[in-house]
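Participant: Residue numbers (our numbering), protein chains in the order written: chain A, 1 to 413; chain B, 414 to 826.
There are 2 protein chains.
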Amino acid sequence: MSTAVSPLAPTVVPDMPVIAGVKLATAAAGIRYKGRTDVLLAVMDKGTTVAGVFTRSKCPSAPVEWCRAKLGRGGARALVVNSGNANAFTGKTGRQATTLTASIAAKAVACSPNEVFLASTGVIGEPLDATKFDGVLGTLAGQAVPGEWMGAARAIMTTDTFPKVATATVKLGKAKVTINGMAKGAGMIAPDMATMLAFVFTDAPLSASTLQSLLKSGVEDTFNAVTIDGDTSTSDTLLAFATGAAAASGAPKISRAGDPRLKAFTKAFRAVLADLAEQVARDGEGARKLVEIVVEGATTKASARKIAMSVANSPLVKTAIAGEDANWGRVVMAVGKAGEPANRDKLSISFNGIRVARSGARDPSYDEAEVSATMKNPKIQIRIALGLGKGRDRVLTCDLTKEYVAINGDYRS
Amino acid sequence: MSTAVSPLAPTVVPDMPVIAGVKLATAAAGIRYKGRTDVLLAVMDKGTTVAGVFTRSKCPSAPVEWCRAKLGRGGARALVVNSGNANAFTGKTGRQATTLTASIAAKAVACSPNEVFLASTGVIGEPLDATKFDGVLGTLAGQAVPGEWMGAARAIMTTDTFPKVATATVKLGKAKVTINGMAKGAGMIAPDMATMLAFVFTDAPLSASTLQSLLKSGVEDTFNAVTIDGDTSTSDTLLAFATGAAAASGAPKISRAGDPRLKAFTKAFRAVLADLAEQVARDGEGARKLVEIVVEGATTKASARKIAMSVANSPLVKTAIAGEDANWGRVVMAVGKAGEPANRDKLSISFNGIRVARSGARDPSYDEAEVSATMKNPKIQIRIALGLGKGRDRVLTCDLTKEYVAINGDYRS
Chain A
1 MSTAVSPLAP
11 TVVPDMPVIA
21 GVKLATAAAG
31 IRYKGRTDVL
41 LAVMDKGTTV
51 AGVFTRSKCP
61 SAPVEWCRAK
71 LGRGGARALV
81 VNSGNANAFT
91 GKTGRQATTL
101 TASIAAKAVA
111 CSPNEVFLAS
121 TGVIGEPLDA
131 TKFDGVLGTL
141 AGQAVPGEWM
151 GAARAIMTTD
161 TFPKVATATV
171 KLGKAKVTIN
181 GMAKGAGMIA
191 PDMATMLAFV
201 FTDAPLSAST
211 LQSLLKSGVE
221 DTFNAVTIDG
231 DTSTSDTLLA
241 FATGAAAASG
251 APKISRAGDP
261 RLKAFTKAFR
271 AVLADLAEQV
281 ARDGEGARKL
291 VEIVVEGATT
301 KASARKIAMS
311 VANSPLVKTA
321 IAGEDANWGR
331 VVMAVGKAGE
341 PANRDKLSIS
351 FNGIRVARSG
361 ARDPSYDEAE
371 VSATMKNPKI
381 QIRIALGLGK
391 GRDRVLTCDL
401 TKEYVAINGD
411 YRS
Chain B
414 MSTAVSPLAP
424 TVVPDMPVIA
434 GVKLATAAAG
444 IRYKGRTDVL
454 LAVMDKGTTV
464 AGVFTRSKCP
474 SAPVEWCRAK
484 LGRGGARALV
494 VNSGNANAFT
504 GKTGRQATTL
514 TASIAAKAVA
524 CSPNEVFLAS
534 TGVIGEPLDA
544 TKFDGVLGTL
554 AGQAVPGEWM
564 GAARAIMTTD
574 TFPKVATATV
584 KLGKAKVTIN
594 GMAKGAGMIA
604 PDMATMLAFV
614 FTDAPLSAST
624 LQSLLKSGVE
634 DTFNAVTIDG
644 DTSTSDTLLA
654 FATGAAAASG
664 APKISRAGDP
674 RLKAFTKAFR
684 AVLADLAEQV
694 ARDGEGARKL
704 VEIVVEGATT
714 KASARKIAMS
724 VANSPLVKTA
734 IAGEDANWGR
744 VVMAVGKAGE
754 PANRDKLSIS
764 FNGIRVARSG
774 ARDPSYDEAE
784 VSATMKNPKI
794 QIRIALGLGK
804 GRDRVLTCDL
814 TKEYVAINGD
824 YRS
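1. So, are the CB atoms of residue 754(B) and residue 787(B) less than 9 Å apart?
2. Among the residues of its own chain, which have a CB less than 8 Å from the CB of residue 315(A), if the five just before and after it don't count?
3. Do you know offhand how far residue 69(A)'s Cα is from residue 800(B)'s?
4. Whole angstroms is fine: what's the gap from residue 604(B)'s alpha carbon to residue 406(A)'s?
5. Span of the alpha helix (DSSP H) holding residue 331(A)?
6. For residue 606(B) and residue 257(A), what's the separation of their Cα atoms in angstroms?
7. I'd like to know whether the C-beta of residue 124(A) is nearer than 9 Å to at least one C-beta of chain B.
8. Can you find a CB in chain A that lies within less than 9 Å of the CB of residue 741(B)?
9. Please tell me whether residue 324(A) and residue 396(A) are closer than 9 Å, where the distance is taken between their beta carbons.
10. For residue 816(B), which residues in the same chain have their Cβ closer than 6 Å to its Cβ, ignoring the five residues on either side in sequence?
11. Using beta carbons (cut-off 9 Å, strictly below), is residue 56(A) in contact with chain B?
12. Assuming contact is defined by CB atoms lying nearer than 9 Å, are residue 20(A) and residue 246(A) in contact in what I supplied?
13. In three-state DSSP terms, what is residue 85(A)?
14. Decide if the region 463-470 of chain B is in contact with the region 610-625 of chain B; the criterion is three or more beta carbon pairs, one per stretch, under 8 Å apart.
15. I'd like to confirm the pairing. Which residues does DSSP put opposite residue 254(A) in its beta bridges?
16. Based on DSSP bridge pairs, tell me the residues matched to residue 296(A).
17. Is residue 480(B) near residue 532(B), with beta carbons less than 9 Å apart?
18. Is any beta-carbon of chain B found at less than 9 Å from that of residue 114(A)?
19. Out of 766(B), 764(B) and 564(B), which has the shortest C-alpha to C-alpha gap to residue 850(B)?
20. With distance defined between alpha-carbon atoms, name the residue in 562(B), 708(B), 668(B) and 581(B) nearest to residue 803(B).
21. Please classify residue 115(A) as buried or exposed, where buried requires at least 16 neighbouring CB atoms within 10 angstroms.
22. If we count the other Cβ atoms within 10 Å of its Cβ and call it buried at 16 or more, is residue 63(A) buried or exposed?
23. Could you tell me which residues DSSP pairs with residue 226(A) in its beta bridges?
24. If you drop the 5 nearest sequence neighbours on each side, which residues of the same chain put their C-beta closer than 6 Å to that of residue 97(A)?
25. Residue 269(A) lies in the alpha helix (DSSP H); which residues open and close that run?
26. If you count every other CB in all the chains shown that lies within 10 Å of the CB of residue 188(A), and 16 or more means buried, which is it?
27. Under 9 Å between the Cβ atoms of residue 199(A) and residue 79(A)?
28. Count Cβ pairs between the region 561-576 of chain B and the region 628-636 of chain B that sit closer than 8 Å; are there 3 or more?
29. Taking 9 Å as the CB-CB limit, is residue 275(A) close to chain B?
30. In angstroms with no decimal places, state the Cα-to-Cα distance between residue 238(A) and residue 595(B).
31. Would you mind telling me which residues of chain A sit closer than 8 Å to residue 472(B), beta carbon to beta carbon, in chain order?
32. Can you pull out the residues from the region 718-729 of chain B whose beta carbon lies closer than 7 Å to at least one beta carbon of chain A?
33. Taking the CB atoms as reference points, tell me whether residue 710(B) and residue 124(A) lie closer together than 9 Å.
34. Pull up the distance between the alpha-carbon of residue 31(A) and that of residue 781(B), whole angstroms please.
35. Please classify residue 353(A): is it buried, with 16 or more other beta-carbons within 10 angstroms of its beta-carbon, or exposed?
36. Opposite residue 179(A) in the DSSP bridges: which residues?
Laid out in C-alpha cells, this is it:
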C-alpha cells in the first residue's frame, strides 16, 4: 500500500493563527499505532459554546451518542479525539469507555463531564481501553498551548496522507475574529473504519443556537456534498466551538444566526467548511482525480443533488475517470438510475467545459482528441444539464482506482 | 484484461431441449466485434404470447422503448438481439434504427413489425447502423433451427466470460412443458455499456397477461435481487415468450396466473429465472467470490431488501470480501447507512454460518482462525439478524476486485 501524499494535496498549507480561549496538546497513547501521536486534547475557556452535526447512520458509535446527548446542555471545556480505535459497535463497554474518558478529561481540565466532547476514529468493533487516557489527559492539560494546530490535525489522521487545516479571519462588528478548522478524511486500512471528523473553533461570541444554525446550514453544500465511495461511517462528527474571547476586543455577542452583523462571518465560516470538505475529497483513498459533478436544469435543488450523488457514487463513472475516459454513456446511465425526473432527449453533458452530448445524443462537434487531452487533468468537472427547471447542485468526489481496492482489500495478504 | 472464464462459472451446462414453436439462428454481422457472432434471430410460431420487464432507468435505450410500446398489442413472431451496440442515447437515429430493424425482421419472418421484439447491448451513444441487418435477418430466418440454444446464448454476450442458459421441464395438466432461458450479464468494456438481457421461452399455452404476471412476480426475488456494482443499465430487458405448442399434446390453456394448474409451472419458471440471475452474479466483472446477503428480523421484507442492497453495494464490504476478510465492522456500517430501522445493540452478523458479532458487539466465542478459513471459500454468505421483526430477504452479489477497476478503467491505456 502506498503511503505517499495524495497528488491532489493542496500545495500551500496556511499559517494557523492562535484562537484566544483554545489550547491544544497531543500525545502518543499507543491506542493502536506505534511511533505517532493518537490523542488530541483541546481545552477551551469557560463560556465556550458548542454545536455539532453527526452521521445519519442508524448504528452510530458510542462517542457520537455521547456528543448528541451533551449538546444543548451547556458549554464545552474539553474535546478529546483519539485515532486508532473508533469505539463503534462495542456495546455496553463502548458506553463505559466514553463515560470513563469524559471523567478523566473532566478531572484534567477541572470541569464537568457534561462539558467534555469526544470523537474516536479507527478500528470498529474492538473495545477501546479508556484507561490508557488516565494520566495522559492530565499531562496534556498541563502542556496545552494555543498554537498546536498542525500537531492536532496530524494526531487525528488515520489513512489520510496529509493533515487538513483551514483558517479565515473576518470582521465581526469592528473586531477581528478568527475561524480555524481541522479535518480527517475518508480512509480505510486494516480493519480500520475511517471516518470524517472535523472540528472548527472560533473566538467569536456566538450563542450555541447560533453556532448550531451556522453549522447545519453550512454543512449542506460542503461536507454533505462530498462522497468518496458512498459508504457512510458510523462515526462522522463535525463539532464547532466558539470561545467568545473576541468579545474582549469589542466583538458583539450574537444570539441568532439571522443577525445581519453575522453576514461576513457566515460566509467565512462556510468557506472554512468548504475548504476542509474539498481536502477530504482530495485525500480519498487511492484518489488520482478530484471530480466535481455539477447538475443544472433539474426540477429542484434536491433532485439535482440526488442525480449528482448518483453520478458521483457510480463505480462505472469513477473507474472511467480513473482511466481518463470521458465516458458520457456511463453518466447517462447514472442519471437514469437516480430515479429523479430526467428527459433523455434534453440531456447534455460536458467534461471540463467541452460538451460531448446534447439533446439526447452525441454532440456532432465533439472532438475526441480535445476531450482525451482534458481528461489528463487532475481535476475533472462533469457538467450535466437536464433542461427541465432551475434546480442546481454540485458535489465533489474522486476517481475509483486499483489503489482503492488495494487499500481496502489487500491488507490481509 | 483477462478473458479467462470466471472461476465462479457453473461446472455443468445443461442440455437445452427443443421448445416446439421456437427456432433460432445467429450470424456475425460485424456490428462491432470481429470474428464472433453478434446477432440472434428467434422465430416464433403464430399464436406466441409475450411479456416483458425492463430497466427502471429514466434514460432507457431505444429498443426498451420499442418493446414497451409493442407489449400488449398482440403476439410475438420474432426477437432480434444484437451485441456490440446498445442503441442507447442515440436520439432520433436510435428510434429510426429500431423501426428499420423491426421492418427488416418483419419482412424476413413474414409478420407485422408490431410482432417483432428487439434488444441491443454494447456501446452506448453510438448510432446503430441497422442497414447491417438487411439481408442478414432474411438469411437467418431461412437457417433458423430449434436446437441452437448455446449459439444463441453466445451471440448475445459482451464481456460475459461464459454463456448463460437454464432449462426446466414440468407437467402442465398431463402434458410435459419446457422452459428454456438464456441471459447475458453485467460486464462493461471499452465504452461498452453492459446490460442484463434475458429471454425465456416456453411451449406452455399461456395468455399474455398470465405470462406478464409470472414474469413480474418471478423477477422480484431473482433478477431484481442481484447487483454487481449498483449501476443500472439503460437497456436491461427480460422478455418471455410462450408458443402454446404444448396444447397439441394436451396442455391446458391458462388465462390467469392464479390458475391452480399452474403451480408446478410457476415454481419451475421461477427456478429458471433464479438460475440465470445467479449466473449473472457469478460472472460479475472481475468477480472471484459469489456473495449472498441474507437479512432477517427486519421490520418488513422491503426493509430487509434495502438493507441487503446497501450491504451488497458497499464498496468497502465488497473489497473486504475480495481480501478474504470477515470485516463485520463494514457490514455494520452498511446496515447503518441504509436508513432503515436497525438497532445496533440487537444486531448479529455471521459469515458462512459463523457468528462474529451479536448484541451490538463482537461475539466472545468468535474464532479468528475459523473465520479466516471460511473466507477462502468461493461462496460467502453474510447473514444479518436485526432482531426487530419478521422481514427477511436475500440478494446476490460478487466481490470488488482490482480486476473490476482494470476492466472498467484501464481500457484506454
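Ideal placement from N, C-alpha and C gives every residue a C-beta, glycine not left out.
Facilitator: On the basis of the coordinates in this document:
1. no
2. 400
3. 25 Å
4. Summary for residue 604(B): the model assigns pLDDT 32, below 50, so the residue's position carries little reliability; its value from the coordinates is reported in the next sentence. For residue 604(B) and residue 406(A), the distance between alpha carbons rounds to 24 Å.
5. 328-337
6. Because residue 606(B) carries a pLDDT of 40, less than 50, the predicted location of this residue cannot be relied on, and the following value inherits that uncertainty. Rounded to the nearest angstrom, the two C-alpha atoms are 49 Å apart.
7. yes
8. yes
9. no
10. 699
11. yes
12. yes
13. strand
14. yes
15. 206(A)
16. 385(A)
17. yes
18. no
19. There is simply no residue 850(B) to check, as chain B begins at 414 and stops at 826 in what is shown.
20. 708(B)
21. buried
22. buried
23. 396(A)
24. 87, 128 and 130
25. 263-282
26. Its pLDDT being 43, under 50, residue 188(A) is placed unreliably by the model, and the measurement read from it follows with that caveat. The residue is buried, with at least 16 neighbouring Cβ atoms inside 10 Å.
27. yes
28. no
29. no
30. 51 Å
31. 332, 333, 335, 336, 342, 344 and 347
32. 727, 728 and 729
33. no
34. 21 Å
35. exposed
36. 168(A) and 202(A)
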